[in-house]
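Under the UniProt record's numbering, read the sequence shown as residues 1 to 732, first letter to last. Ideal Cβ positions, reconstructed from N, Cα and C, are used throughout, including at glycine. Everything on this sheet refers to the single structure shown next.
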Amino acid sequence: MNNLGEAIPRHDGPIKVTGAALYAGDRNLPTQLYAVFVSATIPAGRVVSIDATAALARVGVVRVLKASDMPRVHRKLDEISVPPLATRFIPMQSDEIAYEGQPVAMVLAESLQAAEAGAAVVRVRYERRPFIVPDNAPAADVAPEKGHYSKANALEFHKGDAAGAIAAAAFRVGGEYTQPSRHGNPMEPCAILAVWEGQKLTVYDAVQHLPAVQNTLAAAFGIDNAHVRVIAPHTGGGFGTKAFVWPHEILVSMAARVVGRPVKMALTRQQQYGMVGYQPQMTQDVQLGSDSQGKLLGISHQVVNVTGMTDDYVEFGTVPARSFYACENISATHRIRRGHVVLPTFMRSPWDGPGSWALGSAMDELARSLNIDPLDLRLTNYTESDPESGKPWSSKKLREAYDEGARRFRWRERPKGGTLDGHWRIGCGVADCGQGQARFHSTAKVRLRADGTAQLESSFCDIGTGPATAFPQIAAEVLGLDPSQVTALSGDTNLPYAGPTYGSATTISTGAAVQRAAQDVRSKLARLAGWPADQVSLKGGRIAYAGTSRTIQDVLGEAGVAELASDGAFDLPGNAPVDMGSPGFPTRSFGVVFVEVGVDPELGLLRLRRATGVYSVGRIINSMTSRSQMIGGIVWGWGMAAMEGSHYEPTLGRWLAKDLAGVPIPVNADIPPDIDVAFVDEFDANSGPLGAKGIGELGATGVAAAIANAVFDAIGVRVRDLPITPDKLVKT
């Protein structure tokens with residue numbers, strides 16, 4: 001059979017669209033209380049007093065918890081790194097306030113309405129202190145003791161003499177590129193239901209990695225990991241906001257322990273802005289130098305991003321400068337601006353998303369100064385090896401993607417920049433896409449039943465990306481079944497350990513564990529039939545050898561075996577929990593995106609007319625879900641380029657807008673029907689046994705640069721400050 005690559009609809013689609021799928025906020029338990037936070041209205045200072053008299057007088061309000069009512073987190077929490085603990089600062093453990101929106105009290109009530117009404121009348125007195133506006137803070141070096149986000153990559157990279165090479169280059173371009181903070185706003189806000197039974201804690205949570213929540217909560221309460229169970233079969237999107245363990249998960253679990261009843265909380269859309277992370281405001285300085293033919297002689301990329309006062313989060317936007325193009329002289333640095341704001345975090349397409357916007361724009365500027373085609377400039381600087389390590393890429397078919405993308409988009413035949421279509425001026429742009437490839441240790445179990453069906457089990461979390469469909473395809477391919485005959489049991493820490501659903505790593509990691517478990521089951525089936533395991537074939541529910549075949553049901557039935565089960569694991573070199581590719585072959589996913597835009601220079605309007613993305617991502621497991629991911633990425637990139645931004649109000653020290661009314665995001669009317677997505681034929685034997693690479697975040701990279709480049713092509717205006725709003729385009 002050939003199930004891999006087939007366009008199979010999501011197995012869980014019907015239950016999701018009919019409302020039958022249970023998310024964390026849908027769960028209810030007998031005697032549960034509803035929790036609502038009272039949030040700080042100042043960005044810096046301390047709580048002087050809390051008057052809960054009016055709240056406690058409300059019908060249905062049971063308790064108002066303050067910092068003095070909450071247990072202290074166990075010292076074992078210090079052993080949990082940041083991440084997976086999202087931040088070292090846990091509110092309601094003291095009276096200190098580090099950012100506006102921070103929880104200072106929690107109202108518990110018999111109904112959500114009573115909890116909300118109670119929270120509205122809690123009166124808090126503060127001692128205000130001066131606060132730092134993060135965007136205006138001086139750039140500073142990262143402090144190693146303030147979290148481990150900075151250890152995910154090198155803070156500095158220097159190869160050759162970039163400054164000297166750029167200064168001596170025949171052609172030089174450079175500039176400062178800025179973008180505001182952006183909030184992910186997944187469809188499902190963060191939610192949790194916590195219940196204690198003696199010393200055992202069970203949480204129904206909206207997460208992207210169940211074992212991380214299990215380990216962190218166990219440490220916070222000083223109990224064994226086995227005494228914490230996390231259940232999350234469905235998560236309604238994450239974009240990084242649910243990747244790590246945020247304080248509300250610890251605080252709600254604490255409240256359940258204090259009152260001895262289950263406690264349920266769902267953050268409001270507004271609270272998402274003050275209690276979980278986001279992509280930080282960034283300033284990027286990019287300088288390029290080349291010879292007269294366009295060969296890059298030097299690349300300098302300096303990044304400064306906003307972070308909170310409690311931990312240092314680093315957005316490694318220089319990754320594209322260190323990996324996209326052949327160059328002997330590269331300089332990359334990262335610094336931060338600390339301010340009174342909740343800590344940023346990884347958001348969909350971290351590092352490469354922001355970095356590709358700046359570098360991709362600068363490359364277009366260089367191409368225009370050289371008067372050569374922007375695609376030809378990229379071909380001139382094409383590299384088959386990683387410029388940082390010097391090692392060959394695990395696989396790379398970006399050149400083929402260039403050719404196919406140019407053909408499909410008709411790049412060489414594109415209209416001349418500024419061509420009129422009514423009152424619209426037409427422009428086209430191109431940019432590279434790239435995303436680093438994380439791999440995580442993962443395990444799975446596969447069961448082959450006597451009725452010829454199979455079940456795979458793993459604690460992976462489906463955040464809407466389709467692993468519950470792709471993984472049955474993988475098992476079915478090995479066992480010779482139709483994917484509809486394989487079910488997936490997931491989203492529970494009582495199941496085999498699975499790596500996280502982020503980092504574009506789920507299919508590569510957990511999918512490989514499923515494949516290996518299924519291969520072992522296949523071998524057991526062959527031995528049960530009395531045939532050599534390496535010489536049998538399985539197809540259509542039958543196992544065959546030397547011209548003879550039998551049904552799976554017959555083999556198991558005659559042996560009196562109810563099921564065959566095996567465990568599989570995807571292990572990394574040195575038993576590492578995570579890496580960024582095999583030791584000898586760094587791994588990245590690659591692609592190219594072409595866009596055509598229309599600009600109305602009188603009104604400053606910008607419209608996306610069409611887009612083509614072609615990607616080099618190894619073996620495709622499910623062409624339908626893969627295509628969907630890439631289209632979603634392009635839509636995400638359009639939002640980054642033309643619409644989205646979260647702005648910090650410097651007088652009050654808070655986000656100016658905290659909802660989807662004040663922060664525009666793309667809707668169907670903003671996106672043209674002509675989004676063309678394709679994949680080059682590729683098998684990456686070095687990335688893992690499946691031959692696949694990550695795609696979940698790749699599609700969002702490069703898009704902002706391509707759009708900015710297309711805008712310049714249309715009206716000759718170079719926008720270096722996202723989003724590209726009408727005020728930056730209107731004719732003066």
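Could you tell me the boundaries of the beta strand (DSSP E) in which residue i lies?
| i | result |
| --- | --- |
| H423 | H423 -> no beta strand (DSSP E), and no H or E assigned at all. |
| V64 | V61 to L65 |
| S361 | Not the beta strand (DSSP E): S361 falls in the alpha helix (DSSP H), residues D352 to L370. |
| L296 | L296 to T307 |
| E563 | E563 to F570 |
| I330 | I330 to R338 |
| K159 | E156 to K159 |
| K264 | V263 to A266 |
I'd like the list of long-range same chain contacts for residue i, defined as Cβ closer than 6 Å, with 5 residues on each side in sequence excluded.
| i | result |
| --- | --- |
| I671 | V635 |
| V123 | Note on identity: in this sequence residue 123 is Arg, with Val being the wrong assignment. Around R123: D51. |
| T732 | With a pLDDT of 49 at T732, under the threshold of 50, the predicted position of this residue should be treated as unreliable, though the coordinate-derived value follows. Cβ neighbours of T732 beyond the five flanking positions: none. |
| T501 | Q208, C461 and I463 |
| M630 | G613, V677 and G699 |
Is it buried or exposed, residue i, if we count other Cβ atoms within 10 angstroms and call 16 or more buried?
| i | result |
| --- | --- |
| V342 | buried |
| G557 | exposed |
| L375 | buried |
| Q281 | buried |
| H183 | buried |
| S509 | buried |
| N709 | buried |
| E156 | exposed |
| Q302 | buried |
| H423 | exposed |
| K264 | buried |
| T651 | exposed |
| N371 | exposed |
| F244 | buried |
| L603 | exposed |
| R261 | buried |
| K658 | buried |
| L479 | buried |
Tell me which residues share the same chain as residue i and place their Cβ nearer than 7 Å to its Cβ, disregarding the 5 neighbours each side in the sequence.
| i | result |
| --- | --- |
| R609 | E596, V597, G598 and P672 |
| A529 | I543, R550 and V555 |
| H340 | P43, A44, A98, Y99, F131, I132, M309 and G653 |
| A109 | L33, Y34, G60, V61, V62, A115 and G118 |
| L29 | L193, V195 and P262 |
Could you please give me the residues that DSSP links to residue i through a beta bridge?
| i | result |
| --- | --- |
| Q455 | R447 and T487 |
| V635 | Note: V635 sits in no beta bridge, so no partner. |
| T178 | T283 and D721 |
| V592 | D432 and V614 |
| residue 739 | Examination of residue 739 is not possible in this model, given that the chain is present from 1 through 732 alone. |
| Y126 | V47 |
| I655 | Reading off the sequence shown, one finds Trp at residue 655, where the question assumed Ile. According to DSSP, which records beta bridges pairwise, W655 is partnered with Y648. |
| Y204 | L193 and I231 |
| Y545 | T548 |
| V173 | L288 |
Quick check on the DSSP output: the alpha helix (DSSP H) that includes residue i runs from which residue to which?
| i | result |
| --- | --- |
| A52 | Element bounds for A52: n/a, residue is neither H nor E. |
| S616 | It is not in any alpha helix (DSSP H) - S616 instead sits in the beta strand (DSSP E) that spans L605 to S616. |
| S537 | Per DSSP, S537 belongs to no alpha helix (DSSP H); it is in the beta strand (DSSP E), S537 to K539. |
| G390 | Here G390 belongs to no alpha helix (DSSP H), and DSSP marks it neither H nor E. |
For residue i, I'd like the list of residues in its chain whose CB is within less than 8 Å of its CB, leaving aside the five on either flank, ordered along the chain.
| i | result |
| --- | --- |
| D311 | V82, T87, R88, F89, K146, G147, Y149 and L343 |
| residue 743 | A query on residue 743 cannot be resolved here, the shown segment of the chain reaching from 1 to 732 and no further. |
| I15 | A21 |
| S292 | A170, F171 and L370 |
The ligand ZN heavy atoms versus the CB of residue i: any closer than 7 Å?
| i | result |
| --- | --- |
| D291 | As presented, the structure is devoid of all ligands, the ligand ZN included, so that no description of it is given. |
Give a yes or no on contact between the stretch 9-26 and the stretch 204-222, applying the rule of three or more CB pairs nearer than 8 Å.
For the pair of segments examined, the stretch 9-26 was found to touch the stretch 204-222: the number of CB pairs separated by less than 8 Å reaches three.
Pairs of beta-carbons, one from the stretch 101-118 and one from the stretch 37-48, closer than 8 Å: are there three or more?
The stretch 101-118 is in contact with the stretch 37-48.
How about the stretch 376-391 and the stretch 286-298: do they share at least three Cβ pairs that are nearer than 8 Å?
Note that the stretch 376-391 touches the stretch 286-298; at least 3 beta-carbon pairs, one per stretch, sit closer than 8 Å.
Would you be able to state if there are at least three C-beta pairs under 8 Å between the stretch 210-223 and the stretch 156-170?
Touching, no.
Three CB pairs or more closer than 8 Å across the stretch 452-472 and the stretch 397-406
No, the stretch 452-472 does not touch the stretch 397-406.
The stretch 389-397 touching the stretch 305-321, judged by at least three CB pairs closer than 8 Å
Judged by Cβ distances under 8 Å, the stretch 389-397 makes no contact with the stretch 305-321, as fewer than three pairs qualify.
Counting pairs of beta carbons, one from the stretch 681-691 and one from the stretch 618-633, are three or more of them closer than 8 Å?
Remark: three or more beta-carbon pairs, one from each stretch, lie closer than 8 Å, so the stretch 681-691 and the stretch 618-633 are flagged as touching.
Check whether the stretch 407-415 touches the stretch 533-542, counting contact only when three or more Cβ pairs, one atom from each stretch, lie closer than 8 Å.
No: the two stretches stay apart, fewer than three of their Cβ pairs being nearer than 8 Å.
Assess contact between the stretch 477-496 and the stretch 423-439, defined as three or more Cβ pairs (one per stretch) separated by less than 8 Å. Is contact present?
Counting C-beta pairs with one atom in each stretch, the stretch 477-496 and the stretch 423-439 have fewer than three that are closer than 8 Å, which means they do not touch.
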